[in-house]
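J.:
2 protein chains.
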Amino acid sequence: MKIIKTILVATTLLALTFVGQASEWRALDPENTVLLTLPHGKVVIELAPQFSPNHVKQFIKLTREGHYNGASFYRVIDGFVAQGGPKDGSPLDKATKKLVLEGEFSVDENFTFTQVQTNDMFVEQTGFKEGFALGYNSKEQKAWMLHCPGVIAMARQTGADTATSHFYITIGQATRYLDRLMTVFGRVVYGMEHVQAIRRTEVVEGDTPVDPKYYTRMLSVQVMSDVAPSERINIEVSRTDTETYRNKIADRRTRDNAFFFKKPPPVLDICQTPVKSRRVK
Amino acid sequence: MKIIKTILVATTLLALTFVGQASEWRALDPENTVLLTLPHGKVVIELAPQFSPNHVKQFIKLTREGHYNGASFYRVIDGFVAQGGPKDGSPLDKATKKLVLEGEFSVDENFTFTQVQTNDMFVEQTGFKEGFALGYNSKEQKAWMLHCPGVIAMARQTGADTATSHFYITIGQATRYLDRLMTVFGRVVYGMEHVQAIRRTEVVEGDTPVDPKYYTRMLSVQVMSDVAPSERINIEVSRTDTETYRNKIADRRTRDNAFFFKKPPPVLDICQTPVKSRRVK
Numbered sequence: 001m002k003i004i005k006t007i008l009v010a011t012t013l014l015a016l017t018f019v020g021q022a023s024e025w026r027a028l029d030p031e032n033t034v035l036l037t038l039p040h041g042k043v044v045i046e047l048a049p050q051f052s053p054n055h056v057k058q059f060i061k062l063t064r065e066g067h068y069n070g071a072s073f074y075r076v077i078d079g080f081v082a083q084g085g086p087k088d089g090s091p092l093d094k095a096t097k098k099l100v101l102e103g104e105f106s107v108d109e110n111f112t113f114t115q116v117q118t119n120d121m122f123v124e125q126t127g128f129k130e131g132f133a134l135g136y137n138s139k140e141q142k143a144w145m146l147h148c149p150g151v152i153a154m155a156r157q158t159g160a161d162t163a164t165s166h167f168y169i170t171i172g173q174a175t176r177y178l179d180r181l182m183t184v185f186g187r188v189v190y191g192m193e194h195v196q197a198i199r200r201t202e203v204v205e206g207d208t209p210v211d212p213k214y215y216t217r218m219l220s221v222q223v224m225s226d227v228a229p230s231e232r233i234n235i236e237v238s239r240t241d242t243e244t245y246r247n248k249i250a251d252r253r254t255r256d257n258a259f260f261f262k263k264p265p266p267v268l269d270i271c272q273t274p275v276k277s278r279r280v281k
Numbered sequence: 001m002k003i004i005k006t007i008l009v010a011t012t013l014l015a016l017t018f019v020g021q022a023s024e025w026r027a028l029d030p031e032n033t034v035l036l037t038l039p040h041g042k043v044v045i046e047l048a049p050q051f052s053p054n055h056v057k058q059f060i061k062l063t064r065e066g067h068y069n070g071a072s073f074y075r076v077i078d079g080f081v082a083q084g085g086p087k088d089g090s091p092l093d094k095a096t097k098k099l100v101l102e103g104e105f106s107v108d109e110n111f112t113f114t115q116v117q118t119n120d121m122f123v124e125q126t127g128f129k130e131g132f133a134l135g136y137n138s139k140e141q142k143a144w145m146l147h148c149p150g151v152i153a154m155a156r157q158t159g160a161d162t163a164t165s166h167f168y169i170t171i172g173q174a175t176r177y178l179d180r181l182m183t184v185f186g187r188v189v190y191g192m193e194h195v196q197a198i199r200r201t202e203v204v205e206g207d208t209p210v211d212p213k214y215y216t217r218m219l220s221v222q223v224m225s226d227v228a229p230s231e232r233i234n235i236e237v238s239r240t241d242t243e244t245y246r247n248k249i250a251d252r253r254t255r256d257n258a259f260f261f262k263k264p265p266p267v268l269d270i271c272q273t274p275v276k277s278r279r280v281k
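See below:
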């Protein structure tokens, strides 16, 4: 009897462990995931239609039309952004319709997210929702995607509603002063090191300018569901709404580890708080 | 007479302009500048003996002994650090003496710097001194170099005073929780894009591990004054103690430009506030 009981307990524990592990990860929707193929590596981007629906819709439509295939990253500034798109003023470029800014969205009093910090320099509250870093102002009942490193956003002209198809990926310290003023519509979940290796187009004063023929090109940009299954890169991302994730954040805040021989201030920069990815078959 | 007066005024204006321009830049001291040659590009690092004298002294001594030539970047985590040094436990590694932490330094009541922000999440005040980003606590009368992207710091074991020769360069969102706990002793002033292109050694779960034979090596690390003049990269950096620089910061804070159709909060993240470099003959 004791053996059976032990087996039963062991089986239950095993089952719980499996359930527990499975629920800590979320598979990406291949209809809202993009594969950016660069000459030196592959990059996977998760889009956020729940926060920036029209930008995602247009980006997917243009991607399916082959709009970005062969386009250059023509404005790449170290520590800032890698921006690309079709040649300015080209027929392809001019044919794209302008988008109304989706820099922020309204929420109601039931809004919840996994709060990270309340004394951020730029906003009342920061936190994660579905893996994306958000700012939230409870009085305004507004939330918005933050300009953390590795987000993708639409470039625009001076006017708020002038974005079309040119996008940038942030490659340096969070450009938080752009929050709400630009539409972030996704984030890199795999291959960020390849984005970091995109050829810079701007050099310091006194250095040799870069010939545009060396600009990094996008070999292709594809919606993941259009990629042959054998060629797909399947990514799962850490869920950010679980007890486990909340505990991870709490541990990170307290730094309860001998390496921290004295403790840093118990605050977290949301853009320095990781949401992990893993690759699956 | 009118012509002469015009010439005199013009000459004076010209002289003032030259003086003004010249004083906005500071030439680096080649005795405290390092040239890191990677297979894919050259990187210039300004050392900070004024803030971390013993770390700089040891780093220069080791550099002159050829300690780093051929060493690998063996711990490179995207968005975090690129860490390198001689093989752990090798005779070269074991022969290096341990350094006492220089994570912060004492200042007196006459301490001044170019203040950037007073509501930073981690510290009472942030600002620049001689181009380096510092934190400053007036009550403690302590200041320290901040872990902004592109700083070089000594790695260590668990104990505070265990750093020897292995160093890291920060390659992502500022790891400010390491402030005061590690010794920052310089910053990259040229070629940061090449640091960003160092091969990552850690991959996400489920991805193919990187064979150490592909780790990026330091072809050489040299004190700039030891480099043949024709091979030197001569860099000047923006002075941060001038009225012009203070005005630049003030302008950056107010974002008085039509692109900002509504103004972001009037705060500056010091790690996102540039101190420019330029290359000279």
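Read top to bottom, the protein sequences are chains W and D.
When we follow UniProt numbering, the leftmost residue of the first sequence carries the number 1, and every step to the right adds one.
When we follow UniProt numbering, the leftmost residue of the second sequence carries the number 1, and every step to the right adds one.
Idealized CB from N, CA, C, for every residue including glycine.
All of these numbers come straight from a predicted model, not from anything done at the bench.
List the residues of chain D that K262(W) touches, going by C-beta distances under 8 Å, in chain order.
T.: Sequence index remark: in the first sequence, residue 262(W) carries index 262 (1-based). Ordered by position in chain D, the residues that pass the 8 Å Cβ test against K262(W) are R180, L181.
J.: At 7 Å on the CB atoms, spell out the chain W contacts of G85(D), in chain order.
T.: Looking up residue 85(D) in the second sequence gives position 85. Per Cβ cutoff of 7 Å: no residues; G85(D) is ~18 Å from chain W at best.
J.: How would you write the range of the alpha helix (DSSP H) that E243(W) sits in, first residue to last?
T.: Counting from one through the first sequence, the residue named residue 243(W) turns up at place 243. Here the alpha helix (DSSP H) through E243(W) covers 243–254.
J.: I'd like the span of the alpha helix (DSSP H) that includes M192(W), first residue to last.
T.: As a working mapping, residue 192(W) is identified with position 192 in the first sequence. Start and end: 192–196.
J.: Comparing the C-beta of E205(W) with each C-beta of chain D, is any distance below 8 Å?
T.: The residue labelled residue 205(W) in the question sits at position 205 within the first sequence. Chain D contact via Cβ: present.
J.: Taking the CB atoms as reference points, tell me whether L134(D) and M145(D) lie closer together than 8 Å.
T.: Taking the first residue of the second sequence as position 1, residue 134(D) is located at position 134. Taking the first residue of the second sequence as position 1, residue 145(D) is located at position 145. Yes; because the gap between Cβ atoms is below 8 Å, this pair is in contact.
J.: Let me know the secondary structure DSSP gives I171(D) once reduced to three states.
T.: Locating residue 171(D) in the second sequence gives position 171, where the first residue counts as 1. DSSP places I171(D) in coil when its eight states are reduced to three.
J.: Within 8 Å, do at least three Cβ pairs link the segment 70–85 of chain W to the segment 150–167 of chain W?
T.: With the cut-off at 8 Å, the segment 150–167 of chain W and the segment 70–85 of chain W touch.
J.: Does chain W have any CB closer than 8 Å to the CB of F259(D)?
T.: The residue you call residue 259(D) lines up with position 259 of the second sequence. Yes, F259(D) counts as interfacial toward chain W.
J.: Leaving aside the five residues before and after R176(D) along the sequence, list all residues of the same chain whose C-beta is less than 6 Å from its C-beta, in chain order.
T.: In the second sequence, the residue the question calls residue 176(D) occupies position 176. The answer, listed in chain order, is F122, H147.
J.: Is there a Cβ of chain D sitting closer than 8 Å to that of D251(W), yes or no?
T.: Residue numbering aside, residue 251(W) sits at position 251 when the first sequence is read from its first letter. False, the Cβ-Cβ gap to chain D never drops below 8 Å.
J.: Have a look at M218(D) and Q272(D) and give me their C-alpha separation to the nearest angstrom.
T.: Taking the second sequence and counting its residues from 1, the one referred to as residue 218(D) is at position 218. Taking the second sequence and counting its residues from 1, the one referred to as residue 272(D) is at position 272. Spanning the two alpha carbons is a distance of roughly 28 Å.
J.: Round the Cβ separation of D179(D) and P264(W) to the nearest angstrom and send it over; I've been treating them as touching at under 8 Å.
T.: Within the second sequence, the letter at position 179 stands for residue 179(D). Within the first sequence, the letter at position 264 stands for residue 264(W). Correct: roughly 7 Å between the Cβ atoms.
J.: Which residues in the same chain have their Cβ closer than 6 Å to the Cβ of E202(W), if we skip the five residues on either side of it in sequence?
T.: Your numbering for residue 202(W) matches position 202 in the first sequence. Cβ within range, chain order: I77.
J.: Would you call the CB atoms of V275(D) and T240(D) closer than 8 Å?
T.: Translated into positions along the second sequence, residue 275(D) becomes position 275. Translated into positions along the second sequence, residue 240(D) becomes position 240. Cβ atoms of V275(D) and T240(D): closer than 8 Å.
J.: Which residues in the same chain have their Cβ closer than 6 Å to the Cβ of V227(D), if we skip the five residues on either side of it in sequence?
T.: Counting from 1 along the second sequence, the entry for residue 227(D) is found at position 227. Closer than 6 Å at Cβ, skipping near neighbours: L35.
J.: H55(D) and L99(D): beta carbons closer than 8 Å?
T.: Here the question's residue 55(D) lines up with position 55 in the second sequence. Here the question's residue 99(D) lines up with position 99 in the second sequence. A contact, by the Cβ cut-off of 8 Å.
J.: Have a look at C42(W) and G191(W) and give me their C-alpha separation to the nearest angstrom.
T.: What you label residue 42(W) is simply residue 42 of the first sequence in a count that begins at 1. What you label residue 191(W) is simply residue 191 of the first sequence in a count that begins at 1. Note on residue identity: the sequence assigns Lys, not Cys, to residue 42(W). If I take the Cα positions, the gap works out to 6 Å.
J.: Please report the distance separating the alpha-carbon of G70(W) from that of F59(W).
T.: Position 70 of the first sequence, counted from the first residue, corresponds to residue 70(W). Position 59 of the first sequence, counted from the first residue, corresponds to residue 59(W). Approximately 16 Å, taken between the alpha carbons.
J.: Jot down the residue ranges of each uninterrupted alpha helix (DSSP H) in the segment 36–103 of chain W, minimum 4 residues, whole runs only, in chain order.
T.: Counting only runs of 4 or more, we get 53–64, 91–94.
J.: Let me know the secondary structure DSSP gives K142(D) once reduced to three states.
T.: Here residue 142(D) refers to the residue found at position 142 when the second sequence is read from its first residue. The answer is strand: DSSP assigns K142(D) an E or B state.
J.: Answer with yes or no whether the minimum CB distance from S138(W) to chain D is below 8 Å.
T.: Counted from its first residue, the first sequence places residue 138(W) at position 138. So no, S138(W) is outside the interface.
J.: Could you tell me the boundaries of the beta strand (DSSP E) in which I152(D) lies?
T.: Position 152 of the second sequence, counting from 1, holds the residue named residue 152(D). Note, I152(D): beta strand (DSSP E), 151–154.
J.: At least one CB of chain W closer than 8 Å to the CB of R26(D): is that the case?
T.: Here residue 26(D) corresponds to residue number 26 of the second sequence, with the count starting at 1. No, its Cβ sits nowhere closer than 8 Å to a Cβ of chain W.
J.: Buried or exposed: where does S277(D) fall if 16 or more other Cβ atoms within 10 Å of its Cβ makes it buried?
T.: Reading the second sequence from its first residue, position 277 is the one you call residue 277(D). Buried: at least 16 other Cβ atoms inside 10 Å.
J.: Return the residue from the list A153(W), A48(W), A258(W) that minimises the CA-CA distance to E130(W).
T.: Locating residue 130(W) in the first sequence gives position 130, where the first residue counts as 1. Among A153(W), A48(W), A258(W), the Cα nearest to that of E130(W) is on A48(W).
J.: Can you give me the start and stop residues for the beta strand (DSSP E) that T117(D) sits inside?
T.: Along the second sequence, read from residue 1 onward, the residue named residue 117(D) stands at position 117. It is worth fixing the name first, because residue 117(D) is Gln in this sequence and not Thr. Where Q117(D) is concerned, the enclosing beta strand (DSSP E) stretches over 114–117.
J.: From residue 287(W) to R75(W), what does the alpha carbon distance come to, in whole angstroms?
T.: Only positions 1 to 281 of chain W appear in the structure, and residue 287(W) is not among them; the question remains open.
J.: Whose C-alpha, out of P39(W), L28(W), D29(W), is nearest the C-alpha of V195(W)?
T.: The count along the first sequence starts at 1 and reaches residue 195(W) at position 195. Measuring from the Cα of V195(W), the nearest candidate turns out to be P39(W).
J.: Here's the rule: buried if 16 or more other CB atoms are within 10 angstroms of the residue's CB, otherwise exposed. What is A174(W)?
T.: By one-based count along the first sequence, residue 174(W) stands at place 174. Burial call: buried.
J.: Taking only the alpha-carbon atoms, compute the straight-line gap between G206(D) and A250(D) and give it to the nearest angstrom.
T.: For the purposes of this step, residue 206(D) is taken as the residue at position 206 of the second sequence. For the purposes of this step, residue 250(D) is taken as the residue at position 250 of the second sequence. Distance between the alpha carbons of G206(D) and A250(D): 47 Å.
J.: Relative to chain W, which residues along the segment 113–135 of chain D have a C-beta separation below 9 Å, given in chain order?
T.: Residues passing the 9 Å Cβ filter: Q117, N119, D120, M121, F122, V123.
J.: Taking any Cβ of chain W, which residues in the segment 151–178 of chain D have a Cβ under 7 Å from it, in chain order?
T.: Of all residues in the segment 151–178 of chain D, T158, A160, G172, Q173, A174, T175, R176, Y177 have a Cβ within less than 7 Å of some Cβ in chain W.
J.: Please report whether the beta-carbon of E193(D) lies at a distance below 8 Å from any beta-carbon of chain W.
T.: Residue 193(D) sits at position 193 when you count from the first residue of the second sequence. Yes, contact with chain W.
J.: Between T158(W), F111(W), L62(W), P149(W), which has its C-alpha nearest S138(W)'s C-alpha?
T.: Here the question's residue 138(W) lines up with position 138 in the first sequence. Comparing Cα positions, the closest option is F111(W).
J.: Per DSSP, S106(W) forms a beta bridge with which residues?
T.: Position 106 of the first sequence, counted from the first residue, corresponds to residue 106(W). S106(W) pairs with K142(W).
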